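Each residue of the sequence shown is one higher than the last, beginning at 35 in our numbering.
Ideal Cβ placement from N, Cα and C applies to all residues, glycine included.
Just so you know, these numbers come straight off a predicted model, no measurement behind them.
Written out below as structure tokens is the structure these notes cover.
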Amino acid sequence: MNVAHMPVWRMTAVLTLFLIVSPAISTYGDSMYALEFGGDGDYVRLDHNDSIDLTEAFTFAAWVYVRSWTSPFHQFGGKGDTSWMLRRERGGGDLRLSLRGLEHPFSGSTTAWNMAMDQWVHLAATFDSAEGTAALYVNGHALLEFDGLEGTLNSNPYPFVIGANKEESGSERRFHDGYMSDVRLYNRALSQTEITHVLERTHEVTDGLVVHWKLDEGSGAIAQDSSGRENHGTIIGASWVEVDEPFWEQVDDVAWWEKPGNRIAYLTEPFIGGSISGPDSMGSHDTITFSVTPEPGFTLRSIQSTCGSIAPLNDTEFSLDHVTASSVTVMAGFKPEQPHEPVPILLDTDMESDVDDVGALAMLHALADRGEAEILGVMVSAKNPYATLTADRINTYFGRPDLPLGMLKGEGVDRDSLYAHHIAEEFPGQLESADDAPDAVALSREILSEQPDRSVVLVTIGYKTNVRDLLFSEPCEHSDLTGAELIEQKVRIWACMGGYFPEGREANIVWDYEASYEAISNWPTDIVFSGWEIGRFIYTGGPLYQLPEDSPVRRSYQLFNNIQPHRSWDQSALLYAIRGLDERPATDYWDFSEPGRIVIDPESGTNRWERDPDGTHRHKIERRDPNLIADEINVLMMHQPKENDE
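Next up, the structure:
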């Protein structure tokens with residue numbers, strides 16, 4: 035398999051401004067391999083010897099790629115609980131350096147960084163008993179620096195291990211899930227300049243090197259040592275994987291900055307897309323507000339903090355709540371905008387049972403306001419009349435009262451809603467009655483007939499009743515084509531929130547399973563399914579309490595669950611449909627199945643996946659950290675109409 039690469043997180047806690055220049059490949063040859071750890075029993079060990087029993091000073095450095103957090107603790111490298119170790123712990127990805135045996139009241143262990151997944155990152159940890167210092171480096175930058183440490187580390191008889199921890203009991207645990215390469219252990223504390231040389235591979239740093247596992251062999255059960263000390267490691271369970279491109283080339287030119295003397299630090303990236311600004315100082319337990327400003331041609335990719343909960347207030351402002359540390363760093367990453375035309379979206383929603391339909395429609399308006407989407411129309415697939423009126427109220431709130439809105443006129447599913455009745459009665463709109471809305475099938479045919487061929491992206495986040503009826507519709511005044519012919523001519527792809535993969539039952543398929551079976555089995559274009567398993571860990575909506583009280587989005591979540599974080603099935607389907615096509619920003623958020631087809635039991639609605647090289651169906655597979663996707667969705671759901679922003 036090939037390792038997928040995403041831009042590396044860039045962050046620091048230093049007090050000066052400096053620039054890292056992206057390195058060129060040096061003399062390491064053309065080998066492009068890394069070692070893959072499966073998260074359950076895989077590691078590399080070197081049995082104890084005097085050269086690795088480092089009590090007075092050491093440097094541990096490695097390239098690390100985290101694929102998933104499968105347990106509360108993940109070990110990158112160390113010599114057991116009683117000496118030293120570099121690991122991640124406590125949900126969220128905190129990076130921790132533990133030093134055992136010191137006399138200083140500080141235990142030698144501290145939370146430092148909320149480490150993201152799916153990115154190659156260079157980690158380095160140093161300790162020097164003579165100077166009384168220790169440090170953690172990320173991509174060559176000092177993330178944390180300690181001084182005043184007293185004493186030396188404990189000596190122990192345990193092996194040096196990467197990818198797991200060797201405990202006093204003799205067992206191994208805290209297994210790493212991901213990849214590692216170029217692992218080094220020195221018997222002295224490297225300087226920041228030397229760590230930069232190691233990272234960039236522009237200069238060899240061999241003084242004090244006791245272990246150097248390049249992990250570029252590509253085969254075999256031994257991690258060959260290049261230090262000259264023959265400290266070869268034994269590979270337990272881990273396997274070789276080919277790397278697409280040099281990971282050390284992924285550290286971009288970047289400026290790092292912190293306001294000196296303040297308790298809150300801001301990372302700005304003025305050379306690669308944006309900046310952060312906020313208050314000069316803060317106290318512990320404060321709530322602060324800061325702004326993130328992308329430069330022209332860039333968009334916000336991701337945002338994190340080392341402590342506290344970040345919530346979007348609008349497109350550019352964020353709050354940081356529940357800060358409990360004495361210092362905190364806020365980090366933002368930016369990515370270039372792609373020069374794409376707006377995606378023409380025809381949305382079909384049930385807008386009654388779950389509140390994620392409301393969140394998805396709010397997202398759609400936000401993306402339309404940003405120029406990323408063109409809303410052709412909204413169709414409601416539920417018989418509950420308040421569902422149609424709710425869609426009307428949301429469209430009106432976002433300044434599109436005349437947006438084409440259709441309602442299911444035939445037989446269909448009619449379920450109660452915790453919010454639709456209230457939204458229909460409490461908020462203004464164009465429709466006095468749902469009966470005033472046109473038939474969804476007739477309106478869809480009219481809309482499709484006016485679009486360029488193979489251009490429309492159909493997004494369904496509800497029952498499949500409307501699309502089934504559209505598929506089997508007859509020629510009309512707007513088009514001489516049958517429904518199937520019209521769809522084949524005008525629809526590029528159907529992005530369907532539905533199904534449970536590889537097998538199971540999911541509400542959007544099951545509630546009108548006959549329509550689901552007929553529509554999906556006979557659909558003439560490609561379908562990409564966003565299954566139940568995709569949205570189950572993407573929790574959004576918590577920040578919506580900060581919206582104004584006249585927001586139907588805020589009110590819907592209040593009625594549904596008192597504005598508690600909620601799973602995001604519909605939003606993740608919509609995000610793919612707009613930002614997941616044609617190398618747009620979300621093309622690397624998910625992996626996709628091989629071609630196949632979803633097989634629906636026509637008697638029960640239960641679905642299963644069947645591989646078929648000639649199939650026109652695919653389903654999404656989780657890849658990116660759900661928390662990062664949730665951050666992006668929350669920003670879009672917090673979007674306000676332009677008149678409300680003035």
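Inset, instruction - Quick one: using the 10 Å Cβ neighbour count with 16 as the cut-off for buried, is S311 buried or exposed? - result: exposed
Inset, instruction - Compare the beta carbon distance of H600 and G639 with 8 Å and say whether it is the shorter of the two. - result: no
Inset, instruction - Count the C-beta pairs between the region 505 to 524 and the region 625 to 638 that are closer than 8 Å, then say yes if the count reaches three, no if not. - result: no
Inset, instruction - Evaluate Q153 with the Cβ neighbour count: other Cβ atoms within 10 Å of its Cβ, from every protein chain shown; 16 or more gives buried, anything less gives exposed. - result: buried
Inset, instruction - Evaluate R218 with the Cβ neighbour count: other Cβ atoms within 10 Å of its Cβ, from every protein chain shown; 16 or more gives buried, anything less gives exposed. - result: buried
Legend entry - Buried versus exposed call for L53 [16 or more other C-beta atoms within 10 Å across all chains shown]: Residue placement at L53 cannot be trusted, given a pLDDT of 22 that sits under 50; what the coordinates show is reported in the next sentence. Flag for L53 reads exposed.
Legend entry - Beta-carbon gap between H210 and F71 smaller than 8 Å: yes
Inset, instruction - Can you grab the Cα-Cα spacing for the pair I409 / H455, in whole Å? - result: 25 Å
Inset, instruction - Compare the beta carbon distance of E329 and G308 with 8 Å and say whether it is the shorter of the two. - result: yes
Legend entry - DSSP-derived helix/strand/coil call for K200: strand
Inset, instruction - Flag this pair as yes or no: are the beta carbons of E628 and R645 separated by less than 8 Å? - result: yes
Legend entry - Simplified DSSP assignment, three categories, for E628: coil
Inset, instruction - Drop a sphere of 10 angstroms on the beta-carbon of E656, count the other beta-carbons inside from all chains shown, and report buried for 16 or more, exposed for fewer. - result: buried
Inset, instruction - Tell me where the beta strand (DSSP E) around K654 begins and ends. - result: H651 to E656
Legend entry - Three-state secondary structure assigned by DSSP to N641: strand
Legend entry - For S585, the residue or residues it bridges with in DSSP: Note: S585 sits in no beta bridge, so no partner.
Inset, instruction - Determine the DSSP secondary structure at H711, reduced to helix, strand or coil. - result: In this structure the chain extends from 35 to 680, so residue 711 is not present and cannot be described.
Inset, instruction - Return the chain-ordered list of same chain residues with a C-beta closer than 6 Å to the C-beta of I667, the five sequence neighbours on each side being excluded. - result: T574, S602 and Q605
Legend entry - Helix, strand or coil at D450 according to DSSP, with G and I counted as helix: coil
Legend entry - Host beta strand (DSSP E) of Q109 (start-end): F107 to G112
Legend entry - Residue closest to D212, alpha-carbon to alpha-carbon, out of G75, P675 and F324: The residue asked about is misnamed: residue 212 is Gly in this sequence, not Asp. Nearest C-alpha to G212: G75.
Inset, instruction - Assuming V195 and Y77 form a contact by the criterion Cβ under 8 Å, report the distance between their Cβ atoms to the nearest whole angstrom. - result: 6 Å
Inset, instruction - Please report the residue range of the alpha helix (DSSP H) in which E228 lies. - result: Q226 to E234
Inset, instruction - State the start and end residues of the unbroken beta strand (DSSP E) segment that holds R526. - result: V525 to M531
Inset, instruction - Determine the DSSP secondary structure at A91, reduced to helix, strand or coil. - result: strand
Inset, instruction - Report yes if the CB atom of G197 is closer than 8 Å to the CB atom of S163, and no otherwise. - result: no
Inset, instruction - Starting from A169, trace the beta strand (DSSP E) both ways and give me its first and last residue. - result: T167 to V172
Inset, instruction - Kindly list the residues whose CB is nearer than 7 Å to the CB of P558, restricted to its own chain and excluding five residues on each side of it in sequence; keep chain order. - result: A518, I521 and E522
Legend entry - DSSP state of F324 mapped onto helix, strand, coil: strand
Inset, instruction - Report back the beta-carbon spacing between A476 and L442 to the nearest angstrom; my notes put them in contact at under 8 Å. - result: So it is not a contact: roughly 12 Å between Cβ atoms.
Legend entry - Status (buried if at least 16 other CB within 10 Å, exposed otherwise) for A541: buried
Legend entry - beta strand (DSSP E) segment containing L439, residue limits: L439 to M441
Legend entry - Assumed close pair N429, Q674 - CB separation to whole angstroms, cut-off 8 Å: Not quite, the Cβ-Cβ distance comes to about 15 Å (not below 8 Å), so this is no contact.
Inset, instruction - Could you name the residues that DSSP lists as bridge partners for M413? - result: D382 and G440
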